[in-house]
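If you're matching positions, the sequence shown starts at 10 in the working numbering and goes up one per residue. Every residue gets a Cβ at the ideal spot worked out from N, C-alpha and C, and that includes glycine. To start, the structure itself, in structure tokens.
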Amino acid sequence: MKAEFTAIIEAAPEGGYWAICPEVPGANGQGETIEESKNSLRQAIELILEDRRADILRGLPDDVIQEKVQIG
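Here it is in structure tokens:
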């Protein structure tokens, strides 16, 4: 899946950086550099979305229709 998300990055008081994504509640990352915090956030977003998708698809009837939609 390819999409763009917003990364809000700020310096952490103890050093390094924290990052959150307002579009994906619960997604956050941290790292010593801005790039590390963005990579950590990217991994968190991927894991959360994969988990949500698997949770929703679990137990659906066999005749359910699944199609892709694009935004933007």
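In the DSSP assignment, Glu-59 falls outside any beta strand (DSSP E) and within the unbroken alpha helix (DSSP H) covering 43 to 66. Boundaries of the beta strand (DSSP E) harbouring Glu-19: 17 to 20, taken from the DSSP string. When secondary structure is reduced to three states using DSSP, Ala-36 falls in the coil class, being assigned neither helix nor strand. Between the alpha carbons of Val-78 and Ser-49 lies a distance of about 27 Å. Residues Gly-38 of the same chain have their beta carbon placed closer than 8 Å to that of Arg-51, with the five preceding and five following residues left out of the count.
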